[in-house]
Amino acid sequence: MDAEAIKKAYAAAGERLRSGWKTDHNSPEKQRQRRLGNMMPTAHEDMNLKEVKVWAPYGKVRFYWSRNEGKQIVAITLPGSRSFVIRNEGEQRLIEFVERGLNLLDGEGNVLLSYGKVEPPTWEKRDLNSAEGFEDIRACWEHHTGLTWEEDQLASNDDQLAPDPSNALPAEYFIPLGHSLLKRKTDVTKCAQPPTPGEGTWIINQFLNSHFGDEGGRLVTGTAEGLNERYREDHVKLLLRDFLQRPEYANYPWKRAWMEILESPKTQASTSDLRRNIEFCREIVSTKNYTASAGKTEDGRVKNITGKIWQIGGRKPGW
Numbered sequence: 229m230d231a232e233a234i235k236k237a238y239a240a241a242g243e244r245l246r247s248g249w250k251t252d253h254n255s256p257e258k259q260r261q262r263r264l265g266n267m268m269p270t271a272h273e274d275m276n277l278k279e280v281k282v283w284a285p286y287g288k289v290r291f292y293w294s295r296n297e298g299k300q301i302v303a304i305t306l307p308g309s310r311s312f313v314i315r316n317e318g319e320q321r322l323i324e325f326v327e328r329g330l331n332l333l334d335g336e337g338n339v340l341l342s343y344g345k346v347e348p349p350t351w352e353k354r355d356l357n358s359a360e361g362f363e364d365i366r367a368c369w370e371h372h373t374g375l376t377w378e379e380d381q382l383a384s385n386d387d388q389l390a391p392d393p394s395n396a397l398p399a400e401y402f403i404p405l406g407h408s409l410l411k412r413k414t415d416v417t418k419c420a421q422p423p424t425p426g427e428g429t430w431i432i433n434q435f436l437n438s439h440f441g442d443e444g445g446r447l448v449t450g451t452a453e454g455l456n457e458r459y460r461e462d463h464v465k466l467l468l469r470d471f472l473q474r475p476e477y478a479n480y481p482w483k484r485a486w487m488e489i490l491e492s493p494k495t496q497a498s499t500s501d502l503r504r505n506i507e508f509c510r511e512i513v514s515t516k517n518y519t520a521s522a523g524k525t526e527d528g529r530v531k532n533i534t535g536k537i538w539q540i541g542g543r544k545p546g547w
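With the numbering used here applied, the sequence shown closes on residue 547, and no number is skipped along the way.
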């Protein structure tokens with residue numbers, strides 16, 4: 229086949245391809261979607277639903293919201309759980325905006341909950357006040373519900389420690405009061421195994437089961453401020469702090485003690501205490517050092533953050 233025939237064949241094939249395109253194929257909105265990897269939300273008959281992506285292995289949820297008449301694309305990321313991960317090919321996940329917060333639905337309309345959570349919604353508004361990108365989450369929720377995120381939902385840190393009578397596990401659930409948080413010299417033979425709700429280690433076991441399920445994964449230590457997303461999303465203190473602020477744990481007797489450790493300026497000592505309690509619940513299979521860039525100092529020098537990566541083992545039988 230000569231060069232001219234080849235040229236005509238390509239031209240004819242291109243014309244057939246273009247004839248099958250929708251009229252808006254080359255619109256700015258469609259081009260923006262293709263640059264984002266076709267991960268824009270799918271339109272549904274019920275515009276209160278949006279299809280989302282759930283990232284394995286930790287179940288982080290992300291969707292894109294087109295605001296300002298398509299002039300701005302906002303990525304919304306919500307705290308994840310392994311219970312959200314898609315297990316079978318063809319499964320679907322949807323976000324539903326409801327009065328009390330947001331639900332994550334499977335393809336049959338069932339509400340998915342993180343491990344340890346007992347009732348919908350998947351994310352209470354109160355749960356999201358400290359989430360990364362909160363202002364975008366609030367604006368998106370208000371847009372889809374037509375409601376206002378009440379000011380009394382913008383709780384301070386002290387408010388978040390106060391009991392929420394509508395969702396909190398009752399104080400009686402944590403009786404009898406067990407052993408406090410484990411320290412370096414604590415005799416663990418005196419601690420309940422697995423921990424009972426009144427134990428200081430109980431919340432750690434709940435956290436690990438919620439975050440990892442029956443499997444294991446990594447947790448990161450070190451200074452969280454300025455840490456890039458690659459490490460920040462697995463930072464143990466940030467994850468545990470958010471977990472403790474869930475309404476169901478408002479009456480947990482060792483909550484304030486844990487918050488003091490997580491917010492302690494004595495980073496090395498508090499991390500050592502945290503590791504002791506994690507090791508009680510699961511094996512730390514390996515520990516590696518890491519160094520991550522955290523931007524530059526005022527004089528232009530590269531600023532680095534160092535820390536450790538803990539590889540956490542699977543769930544103990546019966547725990």
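Note that CB positions come from ideal geometry on N, CA and C, so glycine has one too.
Everything numeric in this text was worked out from a predicted model, so none of it was measured.
Got a sec, what are the start and stop residues for the alpha helix (DSSP H) residue i sits in?
i	result
Leu468	464-472
Phe291	Premise fails: Phe291 lies in the beta strand (DSSP E), 288-295, not in any alpha helix (DSSP H).
Glu488	483-490
Leu405	Where Leu405 is concerned, there is no enclosing alpha helix (DSSP H), given that its DSSP letter is neither H nor E.
Phe435	430-440
Trp369	362-373
Cys548	Residue 548 lies beyond the stretch modelled for the chain, which goes from 229 to 547, so this question has no answer here.
Tyr401	Note, Tyr401: premise wrong, no alpha helix (DSSP H); not H, not E.
Tyr459	457-460
Using C-beta distances below 8 Å, list every residue in its chain close to residue i, excluding the 5 sequence neighbours before and after it, in chain order.
i	result
Thr376	Glu370
Leu333	Leu277, Arg321, Leu322, Ile323, Glu324, Val339, Leu340
Val346	Glu476
Arg504	Leu410, Lys411, Arg412, Thr414
Thr525	Lys531
Asn456	Ala520, Ser521, Ala522
Ile403	Gly426
Lys544	Pro422, Cys509, Arg510
Tell me, please, which residues DSSP counts as bridged to residue i.
i	result
Ala303	Tyr292
Thr515	Trp538
Gly445	Ile540
Leu340	Leu332
Glu215	Within the shown structure, residues of the chain are numbered from 229 to 547, placing residue 215 beyond reach of any answer.
Lys281	Arg290
Lys524	Val530
Apart from the five residues on each side of it in sequence, which residues of its chain come closer than 6 Å, Cβ to Cβ, to residue i?
i	result
Gly441	Arg310
Leu389	Caution is warranted here: a pLDDT of 44 is assigned to Leu389, below 50, making its placement in the model unreliable, and the coordinate value is therefore given only provisionally. For Leu389, where only same-chain residues beyond five positions count, there are no Cβ hits under 6 Å.
Arg366	Trp377
Ser408	Gly428
Asn395	Pro475, Glu476
Ser299	The sequence shown places Lys at residue 299, not Ser. Hits under 6 Å: none found.
So, is the C-beta of residue i closer than 8 Å to a C-beta in chain D?
i	result
Phe402	In the structure shown, chain D cannot be found, because there is only a single protein chain.
For residue i, which residues in the same chain have their Cβ closer than 7 Å to its Cβ, ignoring the five residues on either side in sequence?
i	result
Gly542	Asp442, Glu443, Gly444
Trp547	Pro422, Asn433, Cys509
Arg260	In this prediction, Arg260 scores a pLDDT of 43, lower than 50, which makes its location untrustworthy; no coordinate-derived value is stated.
Asp364	Val302, Ile304
Lys418	His407
His253	With a pLDDT of 49 at His253, under the threshold of 50, the modelled position of this residue cannot be trusted, and the question is left open.
Starting from residue i and walking both ways along the beta strand (DSSP E), at which residues does that stretch end?
i	result
Asn532	530-540
Leu330	329-334
Ile590	Given a span of 229 to 547 for the chain in the structure shown, any question on residue 590 remains unanswerable.
For residue i, which option in the options has the closest C-alpha, if you only look at C-alpha atoms?
i	options	result
Lys281	Glu297, Ala497, Asn296, Ala303	Ala303
Leu397	Leu436, Leu472, Glu453, Trp538	Leu472
Leu330	Tyr401, Gln496, Thr373	Thr373
Lys353	Arg328, Asp364, Cys368	Arg328
Glu319	Pro307, Gly335, Ser342	Gly335
His439	His463, Leu356, Ala497	His463
Gln496	Ile506, Gly450, Leu467, Arg529	Gly450
Asn296	Ile403, Cys368, Lys418	Cys368
Gly308	Thr417, Ile506, Ala420, Leu356	Leu356
Ile506	Val416, Leu405, Trp293	Val416
Ser500	Glu317, Val448, Trp293	Val448
Beta carbon of residue i, beta carbon of residue j: below 8 Å?
i	j	result
Arg474	Leu490	no
Ala478	Lys465	no
His431	Trp482	It is worth fixing the name first, because residue 431 is Ile in this sequence and not His. Going by C-beta atoms, Ile431 is nearer than 8 Å to Trp482.
Thr515	Lys494	no
Ile540	Leu436	yes
Gly337	Phe312	no
Tyr459	Tyr518	yes
Thr424	Glu360	no
Gly454	Ile533	yes
Trp486	Ile512	no
Any heavy atom of the ligand NAD closer than 7 Å to the beta-carbon of residue i?
i	result
Phe362	This structure lacks the ligand NAD; in fact it carries no ligand of any kind.
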